[in-house]
Every structure is written in structure tokens, then in C-alpha cells.
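J.: Sequential numbering of the sequence shown, starting at 269, is according to this note's numbering. So that we are looking at the same thing, I have put the structure below in C-alpha cells.
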Amino acid sequence: MSIRDRYAFAGVGLSRLGRIEGRSATELAVDAIEAAVADAGIDRRDLDGYIYQPSFDGGPEGTAPLIATGLPANFVWQLQAGSTTGISSVIAAVGALEAGLCKACVVLYATSAASHRLTIGAGMSAASSWGAHGFFAPVSIAAGMAQRYRHNYGMTDRQLGQVAVTLRSNANRRPEAVMHERPLSIEEYLAAPYLVEPLRKYDCCLVNDGAVALIVTSAARARDLRQLPVYIMGYGLDHSQARIVSDPNGLWHWDGFDVTRAKAAAFGTAGIDIADVDVAMMYDAFSMFLLAGLEAWGFCGRGEAAAFVADGHIAPGGSLPCNTSGTALSWGYMQGFTQLTEGVRQMRGEGGATQVRDAEICLVTGLGGSLEPAIGSSMAGCVLRR
């Protein structure tokens, strides 16, 4: 039986975002769970599933948030798939609900990476497969992709910069965003030095503290709770096991993503095509990833995404509003939970000043896996509707 519209998001909870000194990831997780419970109006006894992702700083301390919030723990999973974990957690929650392991499930991400002054990617040593080729941080991987893309398609720095400028403008209109009061012009973007050419600091995601909790349950149960349900229409995953550094068609020729299987599964179950998507949340740990995602999922042709963004198509009033909160570049980096949270909020009509009018269908995407190229990476997509 298809899962289309049989399960839904019933609650969303956020902690503060930013650098929050003196608050652990566990404490922030408690804040987010309490907010989600209040938002959904759910009886705590019925919230008996718990899936959480360990973050770069370790994240919440196991089931400590459950103890602190008084939630039962009939079903508990720790799940790690990089920034596909948000969508993978939803898939796991639906599976647990389908199997009767729980009545409602909270999916959670919490981090205190900023207050820990964490250097993400510091483990990419010279002895690793990446390090042997000079890739010592995630930004260098994204920059290699951007260089190849620039060489193949003639992308300009100004076009690339419009990703960061557009998302910052969105965040400036969202009071909860980390970069709410920090505007960014294209001139300021271009004046910043390269970190790894052609990427600048504004092309890179934030490192922040914060937590988000979302409640997934059956559509029937969700309709009896406080908020209008956001229905899960379909989802899909696509995992690559290529050694993308050493393979002949690997990183040196890598200018885009392959989401063929993820798209077929997500859109096939949802019964939609690309023209039905009203708003999209593209994974954006780096600006280049957003461009590659637009092309991979079919919103524009290969080599066209940079001009597509520069022409204003992904702005809130554009033909395809994307990443309306400012997401990972300017709202807050919660791995794949950033895009998932904004997708749910848009479908609930809670996007504030960047709400997309009359939006009915949202595509949320993720990119994750491992920084070890022998293991590969994964792509994920989830289709939501109001």
C-alpha cells in the first residue's frame, strides 16, 4: 500500500538559533521537543517514538531529552546519514508507525557546535583519501565541484554570489534567523576573499547552536490535533558508492548530482511531476550545492542554474521560490533538518514575510552520507503538501 498522504507532520518545535553560551545540545533539544508538543497539542503518552541524529559535537545525550520531557520511549533510534538524515528520519518514522512500534514519533536534531567553537571537517587528515588529494575541509570539495562547473558552463562569480545574496535577503525577513539583522549585498560578497576558489565565506553554511523537533504521526491522528496536517506525499533515496576522488569520472569531472532513483521514488509515490512543485527547499551547505540540486531535480537544464538564480527565479516572488527562510547559508545549519523544517512551515502557511502565496506542494531535498569517498554519498527527496 502506498504511503501517500497516510502520514503527516503534526507539530514543529524550535529552540533559539545562534551562539547560545551555557546551553548544551541536550537542553536545546528539550526546548525544541517541548515547543513541538505544545504546537501539536498532543498527549505526551502518545508521543512514544524518538529518532535523533548525533551532530558534529555529539548532539543530545541519548534519551536524556525524553527523561527531561517525560515522554515514553517505546521506540528509540539514533540515525546518522549526514544531511539526508532529516528525510531519512521521516522515512524511519513512517516505517515505525506502519509497523505499529509507536503512535507518534518525534524526529530531532540538536547541536551546540558554535559555542563549542567546533571545526567541522577537521578529521580530513592528509592520511585520508580526501587529504591525499589536498581536500582538507568540506569547502574544498564543494569548491572543486564549482570550479569544474565554472569551467564547463561559464558561471561568473556574480552569478554564484546571487545564491548567497538571495538567501540572506530571505533570512533578513525572518526574525528567528541567525542572519536576520545582517544584510548582504553582491558588492560585499564580491569583496570577500576566496576561501577555496571560487567559494567565499558567504558560500558556506553557518555553524550555530540550536535544535528542531518535528512530530510525525498518522494522517488520521494528525487531523485530531491542534495544527492542520502537512501530508507526506512521497520520498526517495539514492546512494552512490563511487570513489569520487579516484574514479575517472569522479570529483575532477563532478559538476552535478545524480538523483535519478530518489526523484523517481519520491515523485512516483506522490503522483506529481516537476511542474507541480510550488516551492523547493534545496540542500545548501554550500551555494554550489543549491545550483547543482536545481539542475539534478529538473527545475532547469544542465549549466542553466546560475543564470536561473541570478535572474531572480528562486526569490519569494520568482517562478520557483526556494529556501525561503535563508536555510543553511543564512537561517541556521541543522543539517538536513533545516530544509525539512522550512518545508513544513511553508505548507502550514507559517513562512512569515517569505511565505509563498497559495503554495500547495513542496519538495525538500538532502545530500549526505560520508566524507569518506570509499563509502559514497546519498541524495534524498521528500514531497509535502498542505
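Every residue, glycine too, gets a C-beta built ideally from N, C-alpha and C. Bear in mind that the values here come from a model prediction, so they are computed numbers and not experimental data.
Report buried or exposed for Ile483, applying the criterion of at least 16 other Cβ atoms within 10 angstroms of its Cβ.
T.: It counts as buried.
J.: Decide if Arg468 is buried, meaning its Cβ has at least 16 other Cβ atoms within 10 Å, or exposed.
T.: Arg468 is buried by the Cβ-count criterion.
J.: Could you tell me which residues DSSP pairs with Gln415 in its beta bridges?
T.: For Gln415, which the question treats as bridged, DSSP gives no partner whatsoever.
J.: One question on the structure: do Ala257 and Tyr470 come within less than 8 Å of each other, judged by their Cβ atoms?
T.: Residue numbering for the chain in the displayed model covers 269 to 654; residue 257 lies beyond these limits and cannot be assessed.
J.: Do the stretch 309–326 and the stretch 336–343 touch if we need at least three Cβ pairs shorter than 8 Å?
T.: A contact exists between the stretch 309–326 and the stretch 336–343.
J.: Buried or exposed: where does Ala642 fall if 16 or more other Cβ atoms within 10 Å of its Cβ makes it buried?
T.: The predicted model places Ala642 with a pLDDT of 45, which falls under 50 and marks its position as unreliable; any figure quoted below should be read in that light. Exposed.
J.: With 16 other CB atoms within 10 Å as the buried threshold, where does Ile542 fall?
T.: Flag for Ile542 reads exposed.
J.: Can you give me the C-alpha to C-alpha distance between Ser593 and Gly586, rounded to a whole angstrom?
T.: Between Ser593 and Gly586, the C-alpha separation is close to 15 Å.
J.: Going by the DSSP bridge assignment, what does Arg468 pair with across the sheet?
T.: Its beta-bridge partners are Tyr462.
J.: For Ala341, name the three-state secondary structure that DSSP assigns.
T.: Coil.
J.: Can you tell me whether Pro461 is buried or exposed, with buried defined as 16 or more other CB within 10 angstroms of its CB?
T.: So Pro461 ends up on the exposed side.
J.: Once the 5 residues before and after Val577 are set aside, which same chain residues still bring their CB inside 6 Å of it?
T.: Counting only Cβ-Cβ distances below 6 Å, and skipping sequence neighbours, we find Gln430, Val431.
J.: Quick one: Cα of Val624 to Cα of Cys373, how far?
T.: Going from the Cα of Val624 to the Cα of Cys373 covers about 28 Å.
J.: Let's see if you can read the secondary structure: which residues bound the alpha helix (DSSP H) around Val298?
T.: Where Val298 is concerned, the enclosing alpha helix (DSSP H) stretches over 293–308.
J.: Using only alpha-carbon positions, find the residue among Met550, Gly620, Pro497, Ala381 that is nearest to Pro322.
T.: Of the candidates Met550, Gly620, Pro497, Ala381, the one whose C-alpha sits nearest the C-alpha of Pro322 is Ala381.
J.: For the alpha helix (DSSP H) that contains Ile540, what are its first and last residues?
T.: Looking at the DSSP string, Ile540 is not in any alpha helix (DSSP H), and its letter there is neither H nor E.
J.: State yes or no: is the C-beta of Arg436 within less than 8 Å of the C-beta of Met447?
T.: It is a contact, given that the beta carbons lie within the stated cut-off.
J.: Shortest alpha-carbon distance to Ala677 belongs to which of Cys370, Leu463, Arg442?
T.: In this structure the chain extends from 269 to 654, so residue 677 is not present and cannot be described.
J.: Opposite Tyr421 in the DSSP bridges: which residues?
T.: For Tyr421, which the question treats as bridged, DSSP gives no partner whatsoever.
J.: Are Gly611 and Met550 touching if we call contact CB-CB under 8 Å?
T.: Contact: no.
J.: State the Cα-Cα distance for the pair Cys473 and Gly600, rounded to the nearest angstrom.
T.: Cα to Cα, Cys473 sits roughly 8 Å from Gly600.
J.: Hey, quick one: how far does the alpha helix (DSSP H) through Ile359 stretch, first residue to last?
T.: Residues 353–366.
J.: Could you tell me which uninterrupted alpha helix (DSSP H) segments, each at least 4 residues in length, are contained entirely in the stretch 606–653, listed from first to last along the chain?
T.: As far as the stretch 606–653 is concerned, it has no whole alpha helix (DSSP H) run of at least 4 residues.
J.: Under a Cβ-count criterion, where at least 16 other Cβ atoms within 10 Å of its own Cβ denotes burial, should Arg570 be classed as buried or exposed?
T.: Arg570 comes out exposed.
J.: Let me check understanding here. Comparing Cα to Cα, which of Glu572, Asp299, Ala308 lies closest to Leu493?
T.: Here the closest residue by C-alpha is Ala308.
J.: Roughly how many angstroms lie between the CA atoms of Ala304 and Glu295, to the nearest whole one?
T.: Straight-line Cα distance between these residues: approximately 14 Å.
J.: Using beta-carbon positions only, say whether Ala300 and Ala479 come within less than 8 Å of one another.
T.: Yes, they are a contact pair.
J.: Closest to Tyr499 by C-alpha separation, out of Ile310, Asp311, Ile629, would be which residue?
T.: Out of Ile310, Asp311, Ile629, Ile629 has the C-alpha closest to the C-alpha of Tyr499.
J.: Helix or strand or just coil, what does DSSP make of Gln346?
T.: It is a strand residue.
J.: Considering only the alpha carbon of each residue, which of Trp565, Leu376, Ile335, Thr622 lies closest to Asp506?
T.: The residue with the shortest Cα to Cα distance from Asp506 is Trp565.
J.: Across which residues does DSSP place Ala548 in a beta bridge pair?
T.: Looking at the DSSP assignment, Ala548 forms a beta bridge with Cys590, Leu631.
J.: My guess is that Val264 and Ala533 are in contact by the Cβ rule of under 8 Å, so how many angstroms apart are they, rounded?
T.: Outside the displayed span of the chain (269 to 654) sits residue 264, for which this structure offers no information.
J.: Go to Phe277, then tell me how far its beta strand (DSSP E) extends in each direction, as first and last residue.
T.: 275–282 is the extent of the beta strand (DSSP E) around Phe277.
J.: Can you give me the start and stop residues for the beta strand (DSSP E) that Ser486 sits inside?
T.: Counting along the chain, the beta strand (DSSP E) containing Ser486 begins and ends at 477–486.
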